[in-house]
Amino acid sequence: YGGVQIATNRPVALKLLHPEMTRDENLVARFRREGLVLCNLTDAHTITTYDFDSTPDGTLYIAMELLQGKSLHDIFQTESPLAWQRIFKVISEMCSSLAEAHANGIVHRDLKPENIYLENRPGNTEFVKVLDFGIAKVMRGDGSVDPHAPQLTATGQTLGTLEYMSPEQLMGKQLDGRSDVYGLGVLAFEMITGRLPFPDAKGPAGLITAQLKQT
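First residue of the sequence shown? That's 1009 in the working numbering, and the numbers climb one at a time after it.
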């Protein structure tokens, strides 16, 4: 939802967890983790998160900056394919966001055009904002999963968007920042060529097989 922070009159975007979902401890834990992750990311190209908490009636919310730009997905739909120089700039700014996240042991895991917004800022008409670290997995400094952190996905469950997943993510393996680099490559390939890799793959099973076995 769009909202206003009363004390500062600042416009914000509010993400709420539906009340019926609060009965699912897994979802509540994931929602709280997203808020905690976002509040600790400060790179200019990561969406700014102001607060996360719950209302008196128990509704969980995250308050973040309200963006006014367009998603890379929307731009691609009207202008594809995009010039490589333009995408090089977008990818470079995405890397600024991801470098901070990876340095803090956070893997985004769902990079796709819908999660990249371009804002018109002074001196930069396509200022990149990376959104939705909601399925990010927090890792220890050595890159391994923290054994003391609650496991918020079922064993073997794969979260993300199939077309942009790395082979190791598709296989449910342990991930680090290199998986996001693969997603960046797929995103850049699609924006520049006008199509996703493996266009001849038939259905989800065929796409997974191609991603695992084909060049």
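Where a beta carbon is used, it is the ideal one built from N, C-alpha and C, also for glycine. In this text, all values refer to a predicted model and were calculated from it rather than measured experimentally.
So, with DSSP's three-state summary, where would you put residue i?
i            : result
residue 1023 : strand
residue 1009 : coil
residue 1137 : strand
residue 1173 : coil
residue 1088 : coil
residue 1048 : coil
residue 1148 : Below a pLDDT of 50, predicted positions are generally treated as unreliable, and residue 1148, at 48, falls in that range; the measurement from the model is reported next regardless. Residue 1148: coil per DSSP, three-state reduction.
residue 1114 : strand
residue 1030 : helix
residue 1223 : coil
residue 1210 : coil
residue 1120 : coil
Quick one: measure Cβ to Cβ for residue i and residue j, integer angstroms, because I've assumed they're closer than 8 angstroms.
i            : j            : result
residue 1127 : residue 1049 : So it is not a contact: roughly 17 angstroms between Cβ atoms.
residue 1112 : residue 1140 : The Cβ separation is near 17 angstroms, so there is no contact.
residue 1138 : residue 1055 : 7 angstroms
residue 996  : residue 1079 : The first residue shown for the chain is 1009 and the last is 1223, placing residue 996 beyond what the model contains.
residue 1106 : residue 1188 : 6 angstroms
residue 1019 : residue 1075 : Contact flag wrong, Cβ pair sits at about 10 angstroms.
residue 1099 : residue 1192 : 6 angstroms
Just the C-alpha distance for residue i and residue j, rounded to the nearest angstrom, thanks.
i            : j            : result
residue 1041 : residue 1194 : 27 angstroms
residue 1136 : residue 1053 : 6 angstroms
residue 1117 : residue 1012 : 30 angstroms
residue 1209 : residue 1171 : 11 angstroms
residue 1028 : residue 1022 : 18 angstroms
Excluding the five sequence neighbours on either side, which residues of its own chain have a C-beta within less than 8 angstroms of the C-beta of residue i, listed in chain order?
i            : result
residue 1095 : 1196, 1199, 1200
Near residue i, what residues of its chain come up, given a Cβ to Cβ distance below 7 angstroms and the 5 sequence neighbours on each side ignored?
i            : result
residue 1090 : 1084, 1199, 1200
Look up residue i in the DSSP assignment and give the residues it is bridged to.
i            : result
residue 1073 : 1020
residue 1060 : 1070
residue 1132 : 1129
For a cutoff of 8 angstroms on Cβ pairs, would you count residue i as touching chain D?
i            : result
residue 1179 : Within the model displayed, chain D is absent; a lone protein chain is all it includes.
By Cβ distance below 6 angstroms, which residues in the same chain neighbour residue i in space, the five residues on each side in sequence not counted?
i            : result
residue 1120 : 1169, 1172
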